[in-house]
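K.L.:
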Amino acid sequence: MTTTETTRSYTLHLQSSIVEEMRKVAEEEGATLDQLINVAVAEKLAALRDVSYFEQRAKGADREAFRVFLENGGGNEPLRAGDEIPEGWVSRRRTKQP
0 MTTTETTRSY
10 TLHLQSSIVE
20 EMRKVAEEEG
30 ATLDQLINVA
40 VAEKLAALRD
50 VSYFEQRAKG
60 ADREAFRVFL
70 ENGGGNEPLR
80 AGDEIPEGWV
90 SRRRTKQP
């Protein structure tokens, strides 16, 4: 935190088990409990803003233009060495089973 930033106190009621786990993690990371909480809250806020950003972008998306883009291989540029899927590659992404 820079010296120009201000802080405010906020009483936070957490389950004992969560506090104990937070203390362990803070100690492992060499951080104070306050630092851990600040970072965790900042990361959560950033994640929520990201979701909101992409939801807003999706609302204005042109689905037909995207479909055409995908059908054209993503663009007019020819494939280059390294664009191909490596032999034996397996997706690690979970997919729904039929």
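The numbering of the sequence shown is numbering that gives the first Met the number 0, which starts it at 0 and goes up by one.
Glycine included, each C-beta is placed from N, C-alpha and C at the ideal position.
#1: Tell me which residue opens and which closes the alpha helix (DSSP H) that residue 15 is part of.
#2: Mind checking whether residue 31 and residue 39 have CB atoms under 8 Å apart?
#3: Does DSSP put residue 38 in a helix, a strand or coil?
#4: Quick check: the Cα distance between residue 83 and residue 75, rounded to an integer number of angstroms?
#5: Can the beta-carbon of residue 35 be found closer than 8 Å to that of residue 42?
#6: In this structure, does DSSP put residue 45 in helix, strand or coil?
P.N.:
By the coordinates alone:
#1: Start at 1 with the first residue of the sequence shown, and residue 15 comes out as number 16. Run containing residue 15: 15 to 28, per the alpha helix (DSSP H) assignment.
#2: For this step, residue 31 is matched to residue 32 along the sequence shown. For this step, residue 39 is matched to residue 40 along the sequence shown. The answer is no: Cβ separation not under 8 Å.
#3: Residue 38 sits at position 39 when you count from the first residue of the sequence shown. DSSP places residue 38 in helix when its eight states are reduced to three.
#4: By one-based count along the sequence shown, residue 83 stands at place 84. By one-based count along the sequence shown, residue 75 stands at place 76. Computed Cα separation, rounded: 16 Å.
#5: Residue numbering aside, residue 35 sits at position 36 when the sequence shown is read from its first letter. Residue numbering aside, residue 42 sits at position 43 when the sequence shown is read from its first letter. No, Cβ-Cβ distance for residue 35 and residue 42 is not below 8 Å.
#6: Translated into positions along the sequence shown, residue 45 becomes position 46. DSSP places residue 45 in helix when its eight states are reduced to three.
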